[in-house]
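Engineer: First the structure, which I've put down as structure tokens, then a few questions once you've had a look.
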Amino acid sequence: MKNYYEILNIKNSASKADIKKAYIILAKKYHPDKMGQTGEEDKSLFSDIVEAHDVLIDDEKRIEYDSDLKKYNDGIDIDQKKREEKFEQYFLKAKKKIRERNYIRAIEYFEKLENNYKYTNKQPTLEFNSFYGYALFMSGKEKKRGIDYMDKAVTQSMFSDEEIMLNLIEAYYLNNEKKRAEELIKNIFNMNPKSRKAHLLKQKYSPKRKNLLDIIFRRK
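Per our numbering: the sequence shown = residues 93 to 312.
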């Protein structure tokens, strides 16, 4: 990674005035036209000087550059870090599309993530499997595959993640597998008897039956 501070021969704490002054001196000295006159043409050096000035003189670009430079100096692979951040954004966008019920678009993001897992030889996270499966099921494209993904996530989580279980519970209800749904929802209530999401889900798909007295007195 290029060190723009070293290129301009300034301190990391240099002010904008310092940056501008250093740039003017070096630009005059290493301008291609002048270098050509002395037979020492080096356009790449001049290009680095211009690039360093343009980044460091801009507040937002400088903040981002300083952050990357620190990571680089700490031994962090900047390109790898940026790829990871990009795919993290894909996952957040996929979940957003699920909330918007745009399951097809969510699947497109998940497929990019799936390809990245294969490319990097990494195991998908439980959350990825759960929400990818949920999107597949809710889209109607591959319901069985969707349930398999969600079931795998629940099993690997040792039935300890409420959000992951809720995805599979809803799929079971919609797939007319009420018994499985209610067996799984018991696990949530055992962990968290006051789980609002679990109560709402059960109320939505398995409402309490009203008896005759409830009907007479119009009780909810």
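C-beta: ideal position from N, C-alpha, C; glycine also.
1. Assuming Lys120 is part of the alpha helix (DSSP H), what are its boundary residues?
2. Mind checking whether Phe223 and Lys189 have CB atoms under 8 Å apart?
3. Of the residues Ser231, Thr217, Glu176, which one's Cα is nearest the Cα of Ile196?
4. Are the beta-carbon atoms belonging to Ser226 and Asn259 less than 8 Å from one another?
5. Tell me where the alpha helix (DSSP H) around Phe61 begins and ends.
6. When the Cα of Gln295 is compared with those of Tyr211, Ile117, Ala273, which residue comes out closest?
7. Put Thr212 into one of helix, strand or coil per three-state DSSP.
8. Can you list, in chain order, the residues of its chain with a C-beta nearer than 6 Å to that of Gln248? Leave out the 5 residues immediately preceding and following it.
9. The alpha helix (DSSP H) that contains Lys270, what's its start and end?
10. Which residues bound the alpha helix (DSSP H) around Ile155?
11. Which residue comes first and which comes last in the alpha helix (DSSP H) that contains Asn221?
12. Pick helix, strand or coil for Arg193, following the three-state DSSP scheme.
13. Whose C-beta lies closer than 8 Å to the C-beta of Tyr122 among residues of the same chain, with five residues either side of it excluded?
Structural biologist: Taking the geometry as given:
1. 108-122
2. no
3. Ser231
4. The identity of residue 226 in the sequence shown is Tyr, whereas the question assumes Ser. For Tyr226 and Asn259, yes; Cβs fall inside 8 Å.
5. With the chain running from 93 to 312 in the structure shown, residue 61 is simply not present.
6. Ala273
7. helix
8. Leu218
9. 270-283
10. 151-165
11. 218-231
12. coil
13. Asp134, Leu137, Phe138, Ile141
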